[in-house]
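Undergrad:
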Amino acid sequence: MKRKRALWRRLLVAALLVLSLAMLTLYFRESEGGPAHRVQRAGLRLLSPLQSGASTIIEPFQDAWNWVGDLFTAQSENTRLRKEVAKLQALTARQLKQLREYQRLQGLQIVMEDEDKVFPDGVELVPARIVARSTEAWYSTVTINSGSSKGVALYDPVVNEQRGLVGRVTAVSSHAAQVTLLTDQKSAVGAEILPNEARGVVVGSITGDMTMDLVDRSEKIERGQIIVTSGASRTLRVRGIPIGVVDDVGKQAVELYQSIAVKPLVDFKKLEWVLVVRQ
Amino acid sequence: MGTGNGSGGLGRVQVSSSRRRRGPAPAAELRTGRDVAIELGRLAAMLIITILVQTTVASHIRVLGASPDFALLAVVSVGLLRGSEIGALFGFIVGVGVAISLFGPLGLSSLVLVVVGYFSGRYAETADVMSGWTPVLAVVAGTTVAQFLTVVMQFLLERQTPVGFVVTRIFLPSLVLNGLLAAPIYLLTRLWLREGVYGRE
Numbered sequence: 000m001k002r003k004r005a006l007w008r009r010l011l012v013a014a015l016l017v018l019s020l021a022m023l024t025l026y027f028r029e030s031e032g033g034p035a036h037r038v039q040r041a042g043l044r045l046l047s048p049l050q051s052g053a054s055t056i057i058e059p060f061q062d063a064w065n066w067v068g069d070l071f072t073a074q075s076e077n078t079r080l081r082k083e084v085a086k087l088q089a090l091t092a093r094q095l096k097q098l099r100e101y102q103r104l105q106g107l108q109i110v111m112e113d114e115d116k117v118f119p120d121g122v123e124l125v126p127a128r129i130v131a132r133s134t135e136a137w138y139s140t141v142t143i144n145s146g147s148s149k150g151v152a153l154y155d156p157v158v159n160e161q162r163g164l165v166g167r168v169t170a171v172s173s174h175a176a177q178v179t180l181l182t183d184q185k186s187a188v189g190a191e192i193l194p195n196e197a198r199g200v201v202v203g204s205i206t207g208d209m210t211m212d213l214v215d216r217s218e219k220i221e222r223g224q225i226i227v228t229s230g231a232s233r234t235l236r237v238r239g240i241p242i243g244v245v246d247d248v249g250k251q252a253v254e255l256y257q258s259i260a261v262k263p264l265v266d267f268k269k270l271e272w273v274l275v276v277r278q
Numbered sequence: 000m001g002t003g004n005g006s007g008g009l010g011r012v013q014v015s016s017s018r019r020r021r022g023p024a025p026a027a028e029l030r031t032g033r034d035v036a037i038e039l040g041r042l043a044a045m046l047i048i049t050i051l052v053q054t055t056v057a058s059h060i061r062v063l064g065a066s067p068d069f070a071l072l073a074v075v076s077v078g079l080l081r082g083s084e085i086g087a088l089f090g091f092i093v094g095v096g097v098a099i100s101l102f103g104p105l106g107l108s109s110l111v112l113v114v115v116g117y118f119s120g121r122y123a124e125t126a127d128v129m130s131g132w133t134p135v136l137a138v139v140a141g142t143t144v145a146q147f148l149t150v151v152m153q154f155l156l157e158r159q160t161p162v163g164f165v166v167t168r169i170f171l172p173s174l175v176l177n178g179l180l181a182a183p184i185y186l187l188t189r190l191w192l193r194e195g196v197y198g199r200e
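Going down the list, the sequences are from chains X and P. So that you can map any letter, position 208 of the first sequence is 207 in numbering that gives the first Met the number 0, and since no number is skipped, the others follow by simple counting. So that you can map any letter, position 135 of the second sequence is 134 in numbering that gives the first Met the number 0, and since no number is skipped, the others follow by simple counting.
(1) For the beta strand (DSSP E) that contains Tyr256/X, what are its first and last residues?
(2) Buried or exposed, going by whether 16 or more other CB atoms sit within 10 Å of the CB of Leu274/X?
(3) Whose C-alpha, out of Arg236/X, Ile205/X, Arg44/X, is nearest the C-alpha of Ala176/X?
(4) Please list, in chain order, the residues of the stretch 67-79 of chain X that have any C-beta partner in chain P closer than 7 Å.
(5) Three-state secondary structure (DSSP) at Ile242/X?
(6) Taking just the CA atoms, how far does Val111/P sit from Thr149/P?
(7) If the cut is a Cβ gap below 7 Å, which residues of chain P does Ser54/X touch?
(8) Go ahead and pull the three-state DSSP assignment for Thr140/X.
(9) Under the rule that 16 or more other beta-carbon atoms within 10 Å means buried, what is Ser132/P, buried or exposed?
(10) My output table needs one value for Arg167/X: the three-state DSSP class, helix, strand or coil.
(11) At which residues does the beta strand (DSSP E) containing Ala197/X begin and terminate?
(12) Can you pull the chain P residues whose beta carbon is under 7 Å from the beta carbon of Ala35/X, in chain order?
(13) Under the three-state reduction of DSSP, which class applies to Arg277/X: helix, strand or coil?
(14) Compute the Euclidean distance between the alpha carbons of Lys219/X and Arg198/X, then round it to the nearest angstrom.
(15) Hey, out of Ala127/X, Lys86/X, Ser133/X, Thr91/X, whose CA is closest to Lys149/X's CA?
(16) With three or more beta-carbon pairs closer than 8 Å as the criterion, would you say the stretch 186-204 of chain X touches the stretch 231-238 of chain X?
(17) With 8 Å as the threshold, decide whether the Cβ of Ser19/X is near any Cβ in chain P.
(18) Just to confirm the assignment, what range does the beta strand (DSSP E) spanning Leu124/X have?
(19) Interface residues of chain X around Asp68/P at Cβ under 8 Å?
(20) List the residues of chain X whose Cβ lies closer than 7 Å to the Cβ of Glu210/P, in chain order.
(21) What residue range is occupied by the uninterrupted beta strand (DSSP E) comprising Gln161/X?
(22) Looking at Ile143/X and Val122/X, is the spacing between their C-beta atoms short of 8 Å?
(23) Output the residue ranges of the alpha helix (DSSP H) runs that lie fully inside the stretch 117-197 of chain P and measure 4 residues or longer, sorted by chain position.
(24) Could you say which of Pro194/X, Lys262/X, Val237/X lies nearest to Val248/X if we only look at CA atoms?
(25) At what residues does the beta strand (DSSP E) containing Gly189/X begin and finish?
(26) Rounded to the nearest angstrom, what separates Ala170/X and Gly32/P at their Cα positions?
(27) What are the residues of the stretch 122-156 of chain X that lie near chain P, defined by any Cβ-Cβ distance shorter than 8 Å?
(28) Looking at C-alpha atoms only, which residue of Ile184/P, Ala65/P, Leu186/P, Thr55/P is the closest neighbour of Pro48/X?
(29) Could you check which residue in Ser217/X, Met209/X, Val237/X has the C-alpha nearest to that of Leu264/X?
(30) Mind pulling the chain X residues with CB within less than 8 Å of Leu110/P?
(31) Nearest to Asp246/X by CA position, among Trp64/X, Lys86/X, Ala92/X, is which residue?
(32) With DSSP collapsed to three states, give me the class of Ser17/P.
(33) Below 6 Å CB to CB, which residues in the same chain sit around Gly78/P once its five sequence neighbours on both sides are set aside?
(34) Pull the bridge partners of Asp247/X from the DSSP assignment, please.
(35) Since Arg132/X and Val141/X should fall inside the 8 Å C-beta cutoff, what is the C-beta to C-beta distance between them, to a whole number of angstroms?
(36) Taking 8 Å as the CB-CB cut-off, is Phe27/X touching chain P?
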């Protein structure tokens, strides 16, 4: 009897392990429309209302937690922000001058008069609430409560209330979608540095830091310059969505390109609501 | 380690006065069909709560860059209280649920949690003496195994794994945080699953 029970126990565990490995293999080998992905979407249809409810319940506690945390950082944050505002004002003045010159020369209407003009005509912003987040450092992803039923599609860019780029939609079900944040190590977004228009790719990392790679060595980049999407990616065609500012410039004699540390405009830890840009 | 009379560690948790081995109750000890239904209902409710807490609450609690792994804590607790079979099964379903909720790769979390649930259960079934520190030890061991398996899987999935960062920013903070939460989560689980259903109290 004891032996039979031990055999049954081992068989059960072996079966569960084989099933897990089979699901994992299937998940990575199949397309987005494959059975494992379909099961996942169906499961999420059941779970997403519960997640929305749980998010609503914890919201006051989350606000209280954030408020306590903010108290500790408020003073140093204030000093830092004052310095940053002064720096940005100087930068804005310089950029406005360049912008006017550019407009005069090109005779084109440019985006920055109104921040929404960043997005071309016909683009619609779909508000969504973050209902779940990955807790593992390996993945920087969040789940939002808007899906294909509201027109959200794969690779749609996602911005926050200040129109800073948050990430891109990487999986969609009818009532929810996964957003891979810019800080995810598999994230790569075509970007350009203003006003030089130096192009490169902003990538994330497991540490949560963001870097802009593949920027030509000949470009003269300084701290504080603004980085926006270039619109050159196959999957992200909107140009001019703010990503962050240049935090540090790494240039080595032997490297073909310079690597730039990016300070994101978005506070990824405090995201609650986002806007999906329907391309 | 804790003492037999409950004066050390978490005191009376899983400790019998005579220091007899006191592992999880096998399902055969359930007395009636009603008991089985109640037990399944409690496990199902715990399953849903675990998935919701792991996906909506855990990410807001960050200490030294790490978040507590409520899924692992629940699986270890269930394994300790209900044995290796239920522990493994519970781990599998929690893993699938978390992967579904976060659009994560199906099978990855469940693979890790099946191993953790099974060995937690086996530890409870085979240990000569169960002390008050058992949940903490099981969670620390479970976290170590889970992190190791995750690193291996991530390496196979071609995600970069800088060892220094993994050890100092992921493994150690998770170990401390999970270790601190082990006892309260175990006690809550024990309270929720009420061992009395098995007629052992």
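Virtual Cβ for every residue (Gly too), placed ideally from N, Cα, C.
TA: By the coordinates alone:
(1) Run containing Tyr256/X: 256-263, per the beta strand (DSSP E) assignment.
(2) When all chains shown are included, Leu274/X counts as buried.
(3) Cα-wise, what sits closest to Ala176/X is Arg44/X.
(4) Look at the stretch 67-79 of chain X: it has no residue with a C-beta under 7 Å from a C-beta of chain P.
(5) Strand, per DSSP.
(6) Distance from the CA of Thr149/P to the CA of Val111/P, rounded to the nearest whole angstrom, comes to 7 Å.
(7) Near Ser54/X (Cβ distances below 7 Å), the residues of chain P are Thr55.
(8) In the structure shown, Thr140/X sits in a strand (DSSP, three-state: E or B).
(9) Just to set this straight, residue 132/P is Trp in the shown sequence, not Ser. Under this definition Trp132/P is a buried residue.
(10) It is a strand residue.
(11) For Ala197/X, the enclosing beta strand (DSSP E) has its first and last residue at 197-202.
(12) Within chain P, the residues near Ala35/X are Leu105.
(13) In the structure shown, Arg277/X sits in a strand (DSSP, three-state: E or B).
(14) The alpha-carbon atoms of Lys219/X and Arg198/X are separated by roughly 12 Å.
(15) Per the Cα distances, Ala127/X.
(16) Verdict: yes, contact present.
(17) So, interface residue.
(18) Leu124/X -> beta strand (DSSP E) spans 123-132.
(19) Chain X residues near Asp68/P: Thr134.
(20) Any question about residue 210/P goes unanswered here, given that chain P covers just 0 to 200.
(21) Unbroken run through Gln161/X: none, as it is neither H nor E.
(22) When the beta-carbon positions are compared, Val122/X and Ile143/X stay at least 8 Å from each other.
(23) Counting whole runs of 4 or more residues, the stretch 117-197 of chain P contains the alpha helix (DSSP H) stretches 133-155, 171-192.
(24) The candidate whose alpha carbon is nearest that of Val248/X is Lys262/X.
(25) Taken as a continuous stretch (DSSP letters only), the beta strand (DSSP E) holding Gly189/X covers 187-193.
(26) The alpha-carbon atoms of Ala170/X and Gly32/P are separated by roughly 42 Å.
(27) Within the stretch 122-156 of chain X, the residues whose Cβ lies closer than 8 Å to some Cβ of chain P are Val130, Ala131, Arg132, Ser133, Thr134, Glu135, Ala136, Trp137, Tyr138, Thr140, Thr142, listed in chain order.
(28) Taking each of Ile184/P, Ala65/P, Leu186/P, Thr55/P in turn and checking the Cα distance to Pro48/X, the smallest one comes out for Thr55/P.
(29) Residue Met209/X holds the alpha-carbon nearest to the alpha-carbon of Leu264/X among Ser217/X, Met209/X, Val237/X.
(30) By Cβ distance, chain X contributes Leu16, Ser19, Leu20, Leu23.
(31) It is Lys86/X whose Cα lies nearest to the Cα of Asp246/X.
(32) Residue placement at Ser17/P cannot be trusted, given a pLDDT of 43 that sits under 50; the coordinates are not used to answer.
(33) Hits under 6 Å: Gly86, Gly116, Ser119, Gly120.
(34) BP columns for Asp247/X point to Ala260/X.
(35) About 5 Å separates the two Cβ atoms, so the contact holds.
(36) Residue contact check for Phe27/X against chain P: a CB pair falls below 8 Å.
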